[in-house]
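Protein chains: 2
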Amino acid sequence: MRIKDEYSILKEHVKEKGLRITPQREVVLDAFLGTERHVDVESLYILVKKRDASISFATVYRTLKLLCECELAKELKFEGKITRYEHKYNHKHHDHLVCAQCGKIVEFHNDKIEEIQDKVARENNFKVLNHHLEINGICSSCRN
Amino acid sequence: MRIKDEYSILKEHVKEKGLRITPQREVVLDAFLGTERHVDVESLYILVKKRDASISFATVYRTLKLLCECELAKELKFEGKITRYEHKYNHKHHDHLVCAQCGKIVEFHNDKIEEIQDKVARENNFKVLNHHLEINGICSSCRN
DNA sequence: GTATCATTGAAATTGAAATTCAATAACGAT
DNA sequence: ATCGTTATTGAATTTCAATTTCAATGATAC
């Protein structure tokens, strides 16, 4: 079985839901895949507009929802910030360091933290669905 | 120096800001201190109303803001949930387990996690301001 | 007592996000 | 290709939490 690309994943997902791939949805997908990570809806909307000015905010929202459903995208809600979306396909789980001043986002992963989280959940008889760890601070550039 | 009680802390804080303690603010403080933890604004408003029906939503919001400023309260923004407030005075830092089904909130603290977080931040040249760790899952009652 | 300034409640506003709706476009069956 | 069905679209509206405005009121310092 070959590795499915993002387009096929979305196609399959919408098919399963009895929906369709449309030119608009393709544009939103392309724009999303073409961005750097952690894009917000507003910025993505602007990028989408560059490719097709007739596409609405609503369609961007709706398509992002579809992308999240099929795990091409992941919604990120940092404290006090607006919702962002990052690429999820072919990306391992990770947490984030966020600079409170410039907004810079650094991804990190730590097995030990994951492990302890699972342990804590187990001790409290919780079945883990997901977790959110966000460290807010000031990055080195902003400290100079 | 004797331990200040919550009332004195608020009093001092508003004084510093050139503001005043008012009957309404006292009622909101009392209601907040009298609740269980993790109260949302709506619920607190209802509790406040029981003591003084003339107090408005705006005053509850404004007073909660004051309580957060002087660290009597802490704002909690769990993913996809409305803002909640917990008692902060005389309470150690902790993280939360949240049941996705019944909303139950369990507090926990783990030194090792804190330690690793600091290490990760240091490695990335971030000066930590705060962090937010939230584990979402299903509690034991909801699994039965 | 008076001038000053914080406080209040009601209502309006904000801002992000989601939804409604009539018009349109795509699909499957024939 | 044509038809009927059903998803999709963009514009506008709505939702919802949260905040702010504003005129009236109340407290404080002098």
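Taken in order, these protein sequences are the chains called A and B.
Each residue of the first sequence is one higher than the last, beginning at 1 in my numbering.
Each residue of the second sequence is one higher than the last, beginning at 1001 in my numbering.
Here a beta-carbon is modelled for each residue, glycine too, at the ideal position from N, C-alpha and C.
As the structure is a prediction and not an experimental result, all values here were calculated from the model.
Helix, strand or coil: how does DSSP classify residue i here?
i	result
B/V1014	helix
B/A1073	strand
B/M1001	Its pLDDT being 44, under 50, B/M1001 is placed unreliably in this model, and the coordinates cannot settle the point.
B/R1143	helix
A/I135	strand
Identify the contact partners of residue i in chain B, using a Cβ-Cβ distance below 7 Å as the criterion.
i	result
A/C139	N1125, F1126
A/E79	K1077, H1132
A/V106	N1124
A/R143	K1127
Roughly how far, in whole angstroms, is the beta-carbon of residue i from the beta-carbon of residue j, given that I think they are within contact range, below 8 Å?
i	j	result
A/E115	A/K88	Incorrect: roughly 22 Å between the Cβ atoms, too far for contact.
B/L1067	B/L1019	In fact, because the Cβ distance is near 13 Å, the residues do not count as touching under 8 Å.
A/F78	A/E36	Not confirmed; about 16 Å, so no contact.
A/A31	A/L47	4 Å
B/L1167	A/I105	Lying before the first or after the last residue shown, residue 1167 of chain B is absent from chain B, which here runs from 1001 to 1144.
A/L44	A/E6	Not quite, the Cβ-Cβ distance comes to about 15 Å (not below 8 Å), so this is no contact.
Mind listing the chain B neighbours of residue i? Cutoff is C-beta to C-beta under 8 Å, in chain order.
i	result
A/L97	V1120, A1121, N1124, F1126
A/L129	A1100, N1136, G1137, I1138
Going along chain A, which residues have a C-beta under 8 Å from residue i?
i	result
B/E1069	Within chain A, no residue comes near B/E1069; the closest Cβ sits about 15 Å away, beyond 8 Å.
Can you pull the chain A neighbours of residue i, defined as C-beta to C-beta under 9 Å?
i	result
B/H1094	Those do not exist, as B/H1094 stays about 11 Å from chain A at its closest Cβ, beyond 9 Å.
Going along chain A, which residues have a C-beta under 7 Å from residue i?
i	result
B/I1116	N110, K112, I113
B/I1009	In chain order: nothing, as chain A lies at least about 24 Å away.
Starting from residue i, find everything on chain B with Cβ-Cβ shorter than 9 Å and list it in chain order.
i	result
A/A73	Per Cβ cutoff of 9 Å: no residues; A/A73 is ~16 Å from chain B at best.
A/R84	The contacting residues do not exist; A/R84 stays about 13 Å from chain B at best.
Stretch-stretch touch, CB-based, cutoff 8 Å, three pairs: the stretch 64-84 of chain A with the stretch 117-127 of chain A: no
Contained alpha helix (DSSP H) runs [length at least 4] in the stretch 20-106 of chain A, N- to C-terminal order: Every alpha helix (DSSP H) of 4 residues or more that sits fully in the stretch 20-106 of chain A is shown, in chain order, as 23-34, 41-51, 57-69.
Validate contact between the stretch 1048-1059 of chain B and the stretch 1020-1027 of chain B using beta carbons, cut 8 Å, 3 pairs: yes
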